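Asks: Dropping the structure in here first, questions after.
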């Protein structure tokens, strides 16, 4: 079945450091890929998405490129801020018989220190 | 603010009880999804409705049920509650459900604590 694997956290960085959170997926067909962010005590917010191979999603300085050849969708940011501290979830959606929902990774906690 | 509302924000109850969680989707969205977030299971899909009809089922227990009303709001009913049902329950909505490109927008969640 479909699955998403994220790197284990927590990831601890200093402010202005470069961020990479790895995400790989297993799915047949052509899923769409998403990154959601969950700030402490809040719900999930869509960060960015990509719907086909080689698409790059970007938002708030974060970027991720849909790589079909490596089945990956790694999240990157050039310079993190303390306010980026949150849990990041990679997810995929593949529509099929009885399938409509998102499949999530386990989440990666990011802690940014001043 | 995603436009998806959930009530109540917190719920504390005892084992064996029954509770109802409520969700109002974004204006114009026809599809509602319910997810459970727990420490041991992560984020798991429970059930989805589209324009009042059940469309997909995930890891939903038989003690749990849901429905979507004509005004498109949805309710998730949890009965015979157990300690292990303590979790954060999210509702999400989207315009349609038939496209893999369709984006789901999440509400703030209801935190259920079963004592």
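Residue numbers (my numbering), protein chains in the order written: chain A, 10 to 123; chain B, 111 to 225.
Glycine included, every Cβ here is placed at the ideal spot set by N, Cα and C.
In this text, all values refer to a predicted model and were calculated from it rather than measured experimentally.
1. Given this structure, state the Cα-to-Cα distance separating residue 117 (chain B) from residue 132 (chain B), to the nearest angstrom.
2. Looking at the structure shown, is residue 194 (chain B) part of a helix, part of a strand, or coil, going by DSSP?
3. Does the stretch 25-44 of chain A come into contact with the stretch 200-218 of chain B, if we say contact requires no fewer than three beta-carbon pairs (one atom in each stretch) closer than 8 Å?
4. Closest to residue 221 (chain B) by C-alpha separation, out of B:204, B:196, B:202, B:206, would be which residue?
5. Within the same chain, show all residues whose beta-carbon is closer than 6 Å to that of residue 158 (chain B), passing over the 5 residues directly before and after it, in chain order.
6. If you measure from the beta carbon of residue 197 (chain B) to each beta carbon in chain A, is any gap under 7 Å?
7. Kindly indicate which residue of A:37, A:78, A:55, A:19 has the alpha-carbon position closest to the one of residue 113 (chain B).
8. If we define contact as Cβ-Cβ less than 7 Å, is residue 53 (chain A) a contact residue for chain B?
9. Are the Cβ atoms of residue 89 (chain A) and residue 121 (chain A) separated by less than 7 Å?
10. For residue 41 (chain A), which residues in chain B fall below 9 Å Cβ to Cβ?
11. Exposed or buried, which one is residue 124 (chain B) when buried takes at least 16 other CB atoms within 10 Å?
12. Would you mind sorting residue 30 (chain A) into buried or exposed? The rule is 16 or more other CB atoms within 10 Å of its CB.
13. Between the Cα of residue 91 (chain A) and the Cα atoms of A:49, A:75, A:104, A:53, which residue gives the shortest distance?
14. Measuring only between beta-carbons, confirm whether residue 135 (chain B) sits less than 7 Å from chain A.
15. Between the Cα of residue 171 (chain B) and those of B:188, B:160, B:217, spot the shortest distance and give me the residue it belongs to.
16. For residue 91 (chain A), which of helix, strand or coil comes out of DSSP?
17. Would residue 57 (chain A) and residue 68 (chain A) be called neighbours here (beta carbons separated by less than 7 Å)?
18. Give, in chain order, every residue of the stretch 92-103 of chain A whose Cβ lies closer than 9 Å to some Cβ of chain B.
19. Going along chain B in order, which residues have a C-beta closer than 8 Å to the C-beta of residue 116 (chain A)?
20. At what residues does the beta strand (DSSP E) containing residue 166 (chain B) begin and finish?
21. Runs of 3 residues minimum, wholly inside the stretch 11-87 of chain A: which ones carry the beta strand (DSSP E) assignment?
Replies: Result, derived from the coordinates:
1. Computed Cα separation, rounded: 5 Å.
2. In this structure, residue 194 (chain B) counts as helix in the three-state DSSP scheme.
3. yes
4. B:196
5. 143, 165, 166
6. Not one chain A Cβ lies under 7 Å of residue 197 (chain B).
7. A:55
8. yes
9. yes
10. 209, 210, 211, 212, 213
11. exposed
12. buried
13. A:49
14. No, because no Cβ of chain A sits closer than 7 Å to the Cβ of residue 135 (chain B).
15. For residue 171 (chain B), the nearest C-alpha among the options comes from B:188.
16. helix
17. yes
18. Taking 9 Å as the Cβ-Cβ cut-off against chain B, the residues of the stretch 92-103 of chain A that qualify are 98, 100, 101, 102, 103.
19. 152, 153
20. 163-167
21. 12-15, 20-23, 28-30, 32-35, 41-47, 53-59, 65-68, 71-74, 84-86
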